[in-house]
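Student:
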Amino acid sequence: MIGLGYDCHKLEIGRKLFLGGVEIKSDTGAVAHSDGDVVLHSLCDALLGATGLGDIGEHFPDNNPEYKDADSREFVKQIISMINKKFFRLMNVDITIILEKPRLTDYKGLIRKSVSDLCELEIDRVNIKAKSSEKMGFVGRGEGIESFCICEVERI
Ligand code: MG
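Under our numbering, the residues of the sequence shown are numbered 20 to 175, in order.
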């Protein structure tokens, strides 16, 4: 089974930017109730999508004070344990991050390792792609960041 996840967050000066559980050196960071990690949020929705378990907002509502400034790595860990209990095995994860700056060339390997650890998945089953929006739209103007994730799971 295949799942697709998408997330976007507004960027503002003075906020921290976390992508795939890795802190990125950046002038701007995500505005969010949690840590605003678009990569992990899109990953959560892809995992939930592939296993028919709804969406991240149902499991971790952003109006719940418990999830204020939450570490999104915890969301992934909980979802992985949820899908394991339902006898699903994650086969691969492919992520596309879209942002204008900073360039993620130096971070892609770290994000890949972080996602691989969180998903308990061999590194060659995780792929991270990063691209800019060619200065078009809200991403192009540096107002926001987007991430898409697709994954495949198998029933054990
Ligand atoms: Mg989000």
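No residue lacks a Cβ here, since even glycine has one placed at the ideal position from N, Cα and C. Just so we're clear, the structure is a prediction, and the values are computed from it rather than from any experiment.
Report yes if the C-beta distance between I169 and L38 is below 8 Å; otherwise report no.
Tutor: Numbered from 1 along the sequence shown, position 150 holds the residue referred to as residue 169. Numbered from 1 along the sequence shown, position 19 holds the residue referred to as residue 38. No, these two residues do not count as a Cβ contact at 8 Å.
Student: Just jot down, in chain order, the residues whose CB lies closer than 5 Å to any heavy atom of the ligand MG.
Tutor: The answer, residue by residue, is D26, H60.
Student: Alpha carbons only, please: which of P121, D56, R122 is nearest the one belonging to S133?
Tutor: The residue you call residue 133 lines up with position 114 of the sequence shown. Nearest of P121, D56, R122 to S133, Cα basis: D56.
Student: Give the straight-line distance between the Cα atoms of L137 and V95, rounded to the nearest whole angstrom.
Tutor: Residue mapping note: residue 137 aligns to position 118 of the sequence shown, counting from 1. Residue mapping note: residue 95 aligns to position 76 of the sequence shown, counting from 1. Cα-Cα distance, rounded: 7 Å.
Student: For the alpha helix (DSSP H) holding K127, just list the boundary residues, first then last.
Tutor: For the purposes of this step, residue 127 is identified with residue 108 of the sequence shown, where counting begins at 1. Element bounds for K127: 127-138.
Student: May I ask which residues mark the beginning and end of the alpha helix (DSSP H) holding L118?
Tutor: The sequence position of residue 118 within the sequence shown is 99, counting from 1. Segment: none, L118 is in no alpha helix (DSSP H) and carries neither H nor E.
Student: Can you check which of these residues, E171, D143, V158, is closest to D48 by C-alpha distance?
Tutor: Position 29 of the sequence shown, counting from 1, holds the residue named residue 48. Checking the displayed sequence, the identity of residue 48 turns out to be Gly instead of Asp. Checked all of E171, D143, V158; the closest Cα to G48 is V158.
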